[in-house]
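Read left to right, the sequence shown gives residues 1 to 537 (full-length UniProt numbering).
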Amino acid sequence: MDRNVEIVEVDGKEIVKIYVPRASREDKPIYIGHNPFTGTYRRNYEGDYKCTKEEVQRMIADQSPIPQDSKVLPNYGLNDLNMESVRSYRNRFSSLKPDHPWNGLELKEFLYKIGALGRLRETNEEGLTLAGLLMFGEERSITEYLPQYFLEYREKSSDVPGERWTDRIISSDGTWSGNLYDFYFKVIRRLTDDLNIPFQMEGLFRKDDTRVHAALREALVNTLAHADYYGQRGIVIEKEKMLFRFSNPGVLRIPLQQALKGGISDPRNPTIFKMFMLIGLGERAGSGIENIHLAWKEQHWTAPELIEEFQPDRTILTLRTTSLLPQESVDFLKAVLGKHYKFLTNDEVLILVTAHQENYVTNTRLQSLTDKKSDEISKLLSGLVEKGYLEPNGQGRGTKYTLTEMFHQKSIGNSRYNRISSGPNVNNSGPNAANSGPNENEQTKDHEKVLLDISELARKKKRLNPSEMDEIILNLCAIKPLTLKELSQLLNRQMDPLRKKYISRLLKEGKLEPLYPEQINHPKQAYMTRSLFTNQH
């Protein structure tokens, strides 16, 4: 039998399971009829959707064996480069490789060797390559060719919802070059600045550089080298109290599962990758993600999460610095389940803890956390649904599983585990907000009481007039930003219908604002009324 077809037994019945493998980039787009721009569809977890013209164009561009960053731009030359960036790169190169023959080359010849300068063989015309422009160019010159080009780094020192970023870098502010080379070194210092990792010893000498430092360098280089610079929303690097997030336009050029396994590398911008490798940064042999996994495993942290999003296409790598089984979550499960907790297997505990920590869990996410196959995980998830511990939302591979109402009721009823009261009111963001003490605890309890009072009618009545529910939601989100899970708890409504029927519509109507407008699927996404959003900004 074909390896993509198998017979599986479900509830005593035999089902034919057909696995449709992901098409290679050389074969995309796959389309119906004669016109790829009108007949291309793509699977997005729950179903197939029609691709836009821009998406099809990006698929066609990715077909080519000629990398996009090797393209020669005949109207761009040395005047478009930031020479401080070029000098800095050459200094790093010569320090790392003092005997390399390229150190004695003239500037143009050196740039040609590293791939920053190219020549059109048909006309013998010289010009910067796209890689050279991105790596060393001035931001104005880059955006003249790539209008959507944008780089951003943002850092938040607290996990309090609504708190503004404490540090931010953008490529368009005019205070620096805005190119990839300078962005890398500005950002990597900030990412590794306060890492609380025990140092290692090499003989008698202290080694401050750890696997985690190397993993963050790898993640940043991968983001810059795999990005589709013709895509939307630009590159966004985030650092929060308990996580790092690397987001770039463009989906992976190899299947997600293959990327997680490692061993194969297909960067969208191999010339940019080469430039970083020449100064000692980046792994070419497809071992980057594997090295990051090893570094995180060494620290006993939650496994890295690599996901793809569509419309627009994005790849997002999230590195959490939280324990794989945080004691807080284990205690929460024990408090809710009581004597039933001891009947859970280790895998079941991991699944429920992940759902508690990350608000939901998927089959794909669990594959990255365990060594189990998709079928084995599906059985575990189904078992937890049957026990009443998990609730499925959606269909197919994209199904998200959330903790059921029994956990939500415990969260609301017991302030020890109540995430709604896990931080001070975001409106109180002035000088006194940093003071923690009895007043803050009293204020938190007051907010909890107000939230419960506002939502009492919804909890008591299974059916409400939509306008009444709208008013309750807007009043709740005027107190503080609330996640979908928190709203679900307060309103006693399932998350998926609540999102589809109310939250999405209120967002479209401009009555609600997302806390993270540039990353709709942010794991800590919360919603606030328009007036609260305006006051905060």
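Glycine included, each C-beta is placed from N, C-alpha and C at the ideal position.
- Met-277 is not bridged by DSSP to any residue.
- Ser-158 and Met-528 have their C-alpha atoms spaced approximately 19 Å apart.
- Taking the Cα positions, Asn-179 is about 51 Å away from Lys-334.
- If one requires a minimum length of 3 residues, the beta strand (DSSP E) runs lying completely within the segment 303 to 346 are 305 to 309, 314 to 320, in chain order.
- Residue pairing for Ile-237: DSSP places it in a beta bridge opposite Tyr-153, Phe-246.
- Rounded to the nearest angstrom, the gap between the Cα atoms of Arg-314 and Arg-22 is 17 Å.
- Rounded to whole angstroms, Gly-396 and Lys-372 show a C-alpha spacing of 18 Å.
- With contacts defined by Cβ atoms closer than 9 Å, Ile-307 and Thr-364 form a contacting pair.
- The Cβ-Cβ distance between Leu-403 and Pro-392 does not fall below 9 Å.
- By the Cβ neighbour-count rule, Asn-124 is exposed, with fewer than 16 other Cβ atoms within 10 Å of its own.
- Within its own chain, the residues whose Cβ lies closer than 8 Å to the Cβ of Leu-369, once the five positions on either side in sequence are excluded, are Thr-302, Ala-303, Leu-324, Leu-350, Thr-354, listed in chain order.
- Pro-29 is positioned such that its CB atom lies no closer than 9 Å to that of Gln-148.
- About 7 Å separates the beta carbons of Ala-225 and Gly-282, which is inside the 8 Å limit, making them a contact pair.
- DSSP lists no beta-bridge partner residue for Glu-509.
- The C-alpha of His-356 is placed about 25 Å away from the C-alpha of Ile-472.
- Excluding five sequence positions before and after Met-59, the CB atoms of its chain that fall closer than 6 Å to its own CB belong to Lys-28, Pro-29, given in chain order.
- In summary, Val-10 is exposed, with fewer than 16 beta-carbon neighbours lying within 10 Å of its beta-carbon over all protein chains present.
- Secondary structure note for Asn-222: its alpha helix (DSSP H) is the uninterrupted segment 211 to 226.
- Burial check for Ser-95: the Cβ neighbour count within 10 Å stays below 16, so the residue is exposed.
- For Phe-37 and Arg-268, the gap between their C-alpha atoms comes out near 22 Å.
- Taking Arg-530 as reference, the option from Phe-110, Lys-524, Leu-515 with the minimal CA-CA separation is Leu-515.
- Secondary structure of Arg-90 (DSSP, three-state): helix.
- DSSP, read as helix, strand or coil, puts Lys-97 in coil.
- Counting along the chain, the unbroken alpha helix (DSSP H) around Glu-386 starts and ends at 374 to 386.
- For Glu-238, same chain residues with a beta-carbon under 6 Å away, outside a window of 5 residues either side, are Arg-154, Arg-245 in chain order.
- Beta-bridge analysis with DSSP links Trp-296 to no other residue.
- CA-to-CA, the gap between Arg-42 and Cys-51 works out to about 7 Å.
- Nearest C-alpha to Ala-116 among Gly-234, Glu-122, Ala-131: Ala-131.
- For Val-5, the number of other beta carbons within 10 angstroms of its own is below 16, and it is reported as exposed.
- By DSSP's assignment, Thr-402 forms a beta bridge with Glu-391.
- In the three-state DSSP reduction, Tyr-181 falls in the helix class (H, G or I).
- A direct Cα-to-Cα measurement between Val-16 and Arg-3 gives close to 12 Å.
- Look at Leu-369 here: in three-state DSSP terms it is helix.
- Arg-168 sits exposed, since fewer than 16 C-beta atoms from the chains shown fall within 10 Å of its C-beta.
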